[in-house]
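Notes follow the structure.
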Amino acid sequence: MNKVLAIGLNTFKESIRDKIFYSLLFFAVILILVSIVLGKLTIGDPMKIIKDFGLGSISIGGTLIAIFVGIGMVYKEMEKRTIYIILSKPLARWQFLMGKYLGLSLTILVEVAVMAVLLFALCFAYEKIVPWSLLTAIVPIYIEIMIILAFAVFFRFFKPVFKRHGYPGHFYHRAFHTGSATACQSVPRHCV
Numbered sequence: 005m006n007k008v009l010a011i012g013l014n015t016f017k018e019s020i021r022d023k024i025f026y027s028l029l030f031f032a033v034i035l036i037l038v039s040i041v042l043g044k045l046t047i048g049d050p051m052k053i054i055k056d057f058g059l060g061s062i063s064i065g066g067t068l069i070a071i072f073v074g075i076g077m078v079y080k081e082m083e084k085r086t087i088y089i090i091l092s093k094p095l096a097r098w099q100f101l102m103g104k105y106l107g108l109s110l111t112i113l114v115e116v117a118v119m120a121v122l123l124f125a126l127c128f129a130y131e132k133i134v135p136w137s138l139l140t141a142i143v144p145i146y147i148e149i150m151i152i153l154a155f156a157v158f159f160r161f162f163k164p165v166f167k168r169h170g171y172p173g174h175f176y177h178r179a180f181h182t183g184s185a186t187a188c189q190s191v192p193r194h195c196v
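Its first residue numbered 5, the sequence shown is counted upward by one per residue in the numbering used here.
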């Protein structure tokens, strides 16, 4: 378990230093701030617009960070070939994947917390009350983002296996997107 936590903390530190994390977080914060303008333009209750747009921004920002940072972290490990050094140690692959997932989930937790605090501050500026009931929407958003992150890390980690052995879409791509009937001849037998 110590190995998983060590990889998780290292992944968290790497992802916090990543430039794409800050650019996506900035994009999500801008979306929350745009909700102020939309709240003023609405005929109805501006707080409803601010809350809805803020929750949507947390969801979209978190999902984008999960996809881009989640795919990028494992890709960087493979590109720099540090994954081979790590996996040559007495470390199981599931421990490596679990550590990456825990580190990235901690990164997403920080992102969701920062955006939730911003949303709470924005709501407090309008109503002089903190809407704690929004936590019942923020927690499921975090769980949703964790599921998306799990799929992103899983499929990024196993993409080289799909490329090496072929996948069912390989036949379709070769047959219909190249425009050549002879392209199907190079498809491995087990993919057809």
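A virtual CB, placed ideally from N, CA and C, is assigned to each residue, including glycine.
Only a predicted model underlies this, so the values are computations on that prediction, with no experimental measurement involved.
* Asked: Any idea what DSSP makes of M150, helix, strand or coil?
  -> helix
* Asked: Within this structure, are the beta carbons of G58 and L123 separated by less than 8 Å?
  -> yes
* Delimiting residues of the alpha helix (DSSP H) encompassing T15 -> N6 to R21
* Is the number of C-beta pairs between the region 45-56 and the region 86-102 that are closer than 8 Å three or more? -> no
* **Buried or exposed by the 16-neighbour rule on C-beta atoms within 10 Å, applied to I34** => exposed
* Three-pair Cβ contact test at 8 Å for the region 7-21 versus the region 101-111 -> yes
* L29: which of I142, A154 and V73 sits nearest, CA to CA? -> V73
* **For A129 and I24, the rounded distance between their alpha carbons** => 30 Å
* Asked: Cα separation between A32 and I62?
  -> 7 Å
* Along the chain, where does the alpha helix (DSSP H) that runs through I87 open and close? -> T86 to L91
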